[in-house]
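Residue numbering for the sequence shown follows numbering that gives the first Met the number 0, starting at 0 and increasing by one per position.
Ideal Cβ placement from N, Cα and C applies to all residues, glycine included.
Structure first, commentary second.
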Amino acid sequence: MTQPILIAIGKFRQIDIDAMRAEYELHLIDNAARIADLPAEAKAARAVAYSSHSPISGDEMDMLPGLEIIAHFGAGYDSIDVAAASQRGVKVTNTPDVLNDDVADLAVAMFIMQAREMDGADSWVRSGKWAERGAMPLARSASARKVGICGLGRIGREIADRLAAMKCEIHYHSRSPKDVPEGWTYHADPVALASAVDACFVALVGGAETEGYVSAAVIEALGPTGVLVNISRGSTVDEAAMLDALEAGRLGGAALDVFLDEPQIDPRFRALDNVLLAPHIGSATVQTRNAMGQLQRDNLAAFFAGKPLLTPVN
Ligand code: 8YV
0 MTQPILIAIG KFRQIDIDAM RAEYELHLID NAARIADLPA EAKAARAVAY SSHSPISGDE
60 MDMLPGLEII AHFGAGYDSI DVAAASQRGV KVTNTPDVLN DDVADLAVAM FIMQAREMDG
120 ADSWVRSGKW AERGAMPLAR SASARKVGIC GLGRIGREIA DRLAAMKCEI HYHSRSPKDV
180 PEGWTYHADP VALASAVDAC FVALVGGAET EGYVSAAVIE ALGPTGVLVN ISRGSTVDEA
240 AMLDALEAGR LGGAALDVFL DEPQIDPRFR ALDNVLLAPH IGSATVQTRN AMGQLQRDNL
300 AAFFAGKPLL TPVN
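Below is the structure:
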């Protein structure tokens, strides 16, 4: 039996490539611009497996006239022009939920690391400063602080639950109040949220609607002792305003897993000692990446079997 054609666009692990090759006639390309170079028989594909933070536009979709589905590897799908896909009757799927725990773990771990200065603590021991100078200067508590979650979706909720277990006072902002445990405080305005808390966790969905949502005003409201933790997308924060505030001490600190220009991050970050940086590793564990790859393929299998898609976006 001939296998269906699948175009895989972006970076995939070998385990995922092998799994796709077992089911499909696979054409693997680095980015959407390379669709133009595909042989004519590949361009007849009905399905794309996508795994890239670079954009795919309507014009690129038009190069595949038989296209019916783009199955994305990732919860965030801001790299895909979903409106253009919908206009063309192309279904988009993503891989939500399977990464919630890992992303929430990372957010809370970075918050604790930043507060307790664990990076500096490690080098205090390694460099011999402990023996030479004695105890390290005091850090700050992570437990029992006032914390805010900006975007109480599925990942935001996991972060809040972890912080609640750390006896933190939970504040949140989202489009409308959610069904939350008693005592959690809703703020209709992100500036009001930032004014009320010691640390703010950004768990917004990426995309045009949330670009710069954590504005200069939100950052100023967090203030010189406030900390910003971002595990969502670099685009959700006004990065220039954040850098200005961090450099001037108007924002106390930041713990960041995401940036505007990844992996070519703004060099100003490297000179700051009040930031903790990570290379977009929220979902980067063997367990979660395996589950994401499986869900991506399960969506493709459902499509080819004519069954309902597991996690449709449009
Ligand atoms: C990336 C992510 O997909 O799921 C998301 O939205 O940001 C990550 O899990 C991952 O970097 C793979 O490209």
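For this session: Could you please go through the chain and list the residues whose beta-carbon is closer than 5 Å to any non-hydrogen atom of the ligand 8YV?
Result: Having a Cβ closer than 5 Å to some heavy atom of the ligand 8YV are GLY73, ALA74, GLY75, SER282.
Exercise. Which residue comes first and which comes last in the beta strand (DSSP E) that contains ILE384?
Worked result: In this structure the chain extends from 0 to 313, so residue 384 is not present and cannot be described.
Exercise. Enumerated in chain order, which unbroken segments of the beta strand (DSSP E) with a length of 3 residues or greater are wholly contained in the stretch 250 to 283?
Worked result: For the stretch 250 to 283, whole beta strand (DSSP E) runs of length 3 or above, ordered along the chain, are 252 to 255, 274 to 276.
Exercise. Excluding five sequence neighbours on each side, which residues of the same chain lie with their C-beta closer than 6 Å to the C-beta of GLY133?
Worked result: So the list is empty, once near-sequence residues are dropped.
For this session: Please confirm whether ASN93 and ALA106 have their CB atoms less than 8 Å apart.
Result: Taking 8 Å as the Cβ cut-off, ASN93 and ALA106 do not qualify as a contacting pair.
Exercise. Do SER194 and CYS167 have their C-beta atoms closer together than 8 Å?
Worked result: Going by C-beta atoms, SER194 is not nearer than 8 Å to CYS167.
For this session: Alpha carbon to alpha carbon, how far is GLU210 from LEU203? Give it in angstroms, no decimals.
Result: Rounded to the nearest angstrom, the two C-alpha atoms are 10 Å apart.
Problem set entry | Contact set for ASN99: own chain, Cβ-Cβ below 7 Å, skip 5 residues either direction | ARG153, ILE154, GLU157, listed in sequence order.
Exercise. Which one or two residues does DSSP pair with GLY147 in a beta bridge?
Worked result: Looking at the DSSP assignment, GLY147 forms a beta bridge with HIS170, CYS199.
Exercise. THR310: buried (16+ other C-beta within 10 angstroms of its C-beta) or exposed?
Worked result: Classification for THR310: buried.
Problem set entry | the stretch 288 to 308 touching the stretch 44 to 62, judged by at least three CB pairs closer than 8 Å | As far as the Cβ criterion goes, the stretch 288 to 308 touches the stretch 44 to 62, which means the pair count is three or higher.
For this session: From the DSSP output, in three-state form, read off LYS177 for me.
Result: Three-state DSSP puts LYS177 in coil, outside helix and strand.
Exercise. What three-state label does DSSP hand VAL213 in the structure shown?
Worked result: VAL213 falls in the strand class under three-state DSSP.
For this session: Keeping to the same chain, check which residues put their C-beta closer than 6 Å to that of ARG115; ignore five residues upstream and five downstream.
Result: Excluding sequence neighbours, ARG115 sits near ALA138.
Problem set entry | Three-state secondary structure assigned by DSSP to GLY53 | The identity of residue 53 in the sequence shown is Ser, whereas the question assumes Gly. Looking at SER53 - three-state DSSP - the assignment turns out to be coil, as it is neither helix nor strand.
For this session: Please go through the same chain and pick out, in chain order, the residues whose beta-carbon is closer than 7 Å to the beta-carbon of LEU221, but skip the five residues on each side of it.
Result: Closer than 7 Å at Cβ, skipping near neighbours: ALA193, CYS199, LEU227, LEU250.
Exercise. What three-state label does DSSP hand PRO311 in the structure shown?
Worked result: Correct three-state label for PRO311: strand.
Problem set entry | Per DSSP, cross-strand counterpart(s) of HIS71 | Looking at the DSSP output, HIS71 shares a beta bridge with TYR49.
Exercise. What are the residues that DSSP puts in a beta bridge with TYR185?
Worked result: Its beta-bridge partners are TYR171.
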